[in-house]
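First up is the structure itself, then whatever we jot down about it.
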Amino acid sequence: MPTLDMTGTSELITSGSRKSFWDEDFEHLAHGRAYNFSATDGAVLTGKTTTSAREDVLRYLHQAEATTLFLVDRMEALELNESVLTDNLEKAKKETMQLRSDAAELIKVRKTLRKKRPSWFL
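Residue numbers (our numbering): -18 to 103.
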C-alpha cells in the first residue's frame, strides 16, 4: 500500500512481489506518480489553463478510444482470416487424401489393364 508524504504524494512500498495492472488492489495512482510523472511534467502542466488541460485529457481519451476500436477491429479481422485459413487447410487436407486415394486406385486399374491389354502400353 502506498503512503503519503508531506506533499500528499503517494509513495510505492515495494514488498518484493510485483503486482499486475489487472489486480484489483493495484495502486494505479501511486504507480503513475512514481514512474510516469516527473518534475518537468509538473512544470509544464502548471502553465496550462484548466480549459486547456481538460481539452488535452478529452483529446487523449478520444485518441485512446479510437485506437482501441481500431485495434479491436484489426484483431477481429485477423481472427476471421485465421478461421478462413484453418477451414481452407482442413479442406485441402481432405482433398489431398482423396486425391491420393484416387491415384492409388488408378495405379491398380493401370496394372490390371497392363495385364489384360499389354498392347495398349508401349
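Note that beta-carbon positions come from the ideal geometry of N, C-alpha and C, so glycine has one too.
Computed from a prediction, not measured in an experiment: that's the story for all the values here.
Would you report the Cα separation of residue i and residue j, rounded to the nearest angstrom?
{"i": "Y16", "j": "R(-1)", "result": "14 Å"}
{"i": "T48", "j": "D54", "result": "10 Å"}
{"i": "K92", "j": "E76", "result": "24 Å"}
{"i": "F2", "j": "T21", "result": "25 Å"}
{"i": "G28", "j": "L66", "result": "54 Å"}
{"i": "A85", "j": "M78", "result": "11 Å"}
{"i": "E5", "j": "L39", "result": "25 Å"}
{"i": "S100", "j": "A58", "result": "59 Å"}
{"i": "H12", "j": "L70", "result": "47 Å"}
{"i": "D118", "j": "V90", "result": "This structure gives no information on residue 118, because the portion of the chain shown stretches from -18 to 103."}
Between which two residues does the alpha helix (DSSP H) harbouring residue i extend?
{"i": "R35", "result": "31 to 97"}
{"i": "D23", "result": "Sequence check: residue 23 is Gly here, not Asp. Here the alpha helix (DSSP H) through G23 covers 20 to 27."}
{"i": "R14", "result": "9 to 16"}
When the distance is taken between beta carbons, is residue j closer than 9 Å to residue i?
{"i": "L42", "j": "A34", "result": "no"}
Using the Cβ count rule (16 or more neighbours within 10 Å means buried), how would you classify residue i?
{"i": "E(-8)", "result": "Here E(-8) scores only 47 on pLDDT, less than 50, and its place in the model should not be relied on; the value that follows carries that caveat. With fewer than 16 other Cβ atoms within 10 Å, it is exposed."}
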